[in-house]
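Chemist: Sequences listed follow chains F and P, in order. Note that my numbering numbers the first sequence so that position 81 is 81, with each residue one more than the last. To convert, take the position in the second sequence, counting from 1, and add 116; that gives my numbering. Glycine included, every Cβ here is placed at the ideal spot set by N, Cα and C. Got a structure here, written out as structure tokens. Questions coming.
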Amino acid sequence: DTGVSQNPRHKITKRGQNVTFRCDPISEHNRLYWYRQTLGQGPEFLTYFQNEAQLEKSRLLSDRFSAERPKGSFSTLEIQRTEQGDSAMYLCASSLGEGTLNTEAFFGQGTRLTVV
Amino acid sequence: QKEVEQNSGPLSVPEGAIASLNCTYSDRGSQSFFWYRQYSGKSPELIMFIYSNGDKEDGRFTAQLNKASQYVSLLIRDSQPSDSATYLCAVNPPGNQFYFGTGTSLTVIP
């Protein structure tokens with residue numbers, strides 16, 4: 001399977017715990033995006049990488065959220081001290097981009113987080 | 117003002133009819149436009165993209181772009197019950213992230 005892969009698919013955690021999600025993009029894609037989606041809403045941007053560089057981070061993103069893409073391949077998204085409001089689907093997408101040009105983005109299956 | 121606006125619906129059409137989905141965007145510099153389909157509980161799936169003004173057809177789907185009016189639409193011909201889903205419009209301004217609308221829920225009635 002050469003699509004975008006996310007793990008785990010589901011995560012249930014207690015409030016206050018830390019969680020980490022992983023995303024493996026399409027291998028030739030240099031751009032990687034993290035989005036969060038709640039019921040009835042469109043995907044909300046969290047952060048974006050080009051290769052290993054984090055180019056943009058949402059102003060709405062609290063400092064409990066951090067993301068890395070250390071070798072320009074897979075990425076991790078960590079949420080520290082989880083809150084019930086963090087419950088959502090976390091989506092990763094990848095695309096191929098050069099300068100201002102960008103191909104379409106393909107999404108992984110998502111990680112559904114439930115904070116209890 | 118939101119970057120991408122869609123009518124949330126729900127939109128209901130009978131089987132075999134044409135479904136018309138609309139989207140407006142705020143960044144005049146945007147050059148890339150996408151339609152995604154999302155089934156309940158699943159991740160978005162790309163169905164079409166369009167970069168130039170005019171129409172682009174792919175099977176039963178036609179995307180229409182009018183940059184002067186900052187308007188993108190998706191037409192689904194011969195709608196099928198399996199087309200029932202939420203349709204997300206996405207816009208990609210140059211060198212930027214993808215902005216998504218809230219989606220339009222479509223139901224195709226057999």
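1) Residues in its own chain within less than 8 Å of E28/F by CB, not counting five upstream and five downstream?
2) Between the stretch 11 to 34 of chain F and chain P, which residues of the former have a C-beta closer than 8 Å to a C-beta of the latter?
3) Less than 8 Å between the CB atoms is what I'm expecting for L204/P and Y152/P, so what's the real figure, rounded?
4) Is any beta-carbon of chain F found at less than 9 Å from that of F177/P?
5) Scan the stretch 123 to 148 of chain P for residues whose Cβ lies nearer than 7 Å to a Cβ of chain F and list them as they occur along the chain.
6) Run through chain F and tell me which residues come within less than 7 Å of Q213/P, C-beta to C-beta.
7) Near M132/F, which residues of its chain fall below 8 Å by C-beta distance, leaving aside the five closest residues on each side in sequence?
8) Suppose you measure from the CA of L60/F to the CA of I166/P; what does that come to, to the nearest Å?
9) Considering only C-alpha positions, which residue in the set S136/P, F149/P, D174/P and K158/P is nearest to Q186/P?
10) With a cut-off of 8 Å on the beta carbons, I'd call L181/P and S136/P a contact; round off their distance for me.
11) Closer than 9 Å, CB to CB, is S185/P near chain F or not?
12) Is any beta-carbon of chain F found at less than 9 Å from that of Y152/P?
13) If you count every other CB in all the chains shown that lies within 10 Å of the CB of S168/P, and 16 or more means buried, which is it?
14) Can you find a CB in chain F that lies within less than 9 Å of the CB of N169/P?
15) Using C-beta distances below 6 Å, list every residue in its chain close to Y48/F, excluding the 5 sequence neighbours before and after it, in chain order.
16) How big is the Cα-Cα spacing for Q17/F and S58/F?
17) State the DSSP-derived secondary structure class of Q84/F, mapped to helix, strand or coil.
18) Which of the three DSSP states is assigned to S198/P in this structure?
19) Buried or exposed for R122/F, please, with buried defined as at least 16 other CB atoms from any protein chain shown within 10 angstroms of its CB.
20) What are the partner residues of E173/P, as DSSP defines its beta bridges?
Modeler: The answer reads as follows:
1) If we look at E28/F and ignore the five residues flanking it on each side, its Cβ neighbours are L96.
2) Y33
3) 4 Å
4) no
5) Residues S148.
6) Y33, F45, Y48 and E56
7) In the structure as shown, chain F begins at 1 and stops at 116. Residue 132/F is therefore absent and cannot be evaluated.
8) The straight-line gap from Cα to Cα measures roughly 29 Å.
9) F149/P
10) With a contact defined as Cβ atoms closer than 8 Å, L181/P and S136/P miss out at about 14 Å.
11) S185/P does not count as touching chain F.
12) yes
13) exposed
14) no
15) Y33, L55 and E56
16) 22 Å
17) helix
18) helix
19) Since the first and last residues shown for chain F are 1 and 116, residue 122/F lies out of range.
20) T178/P
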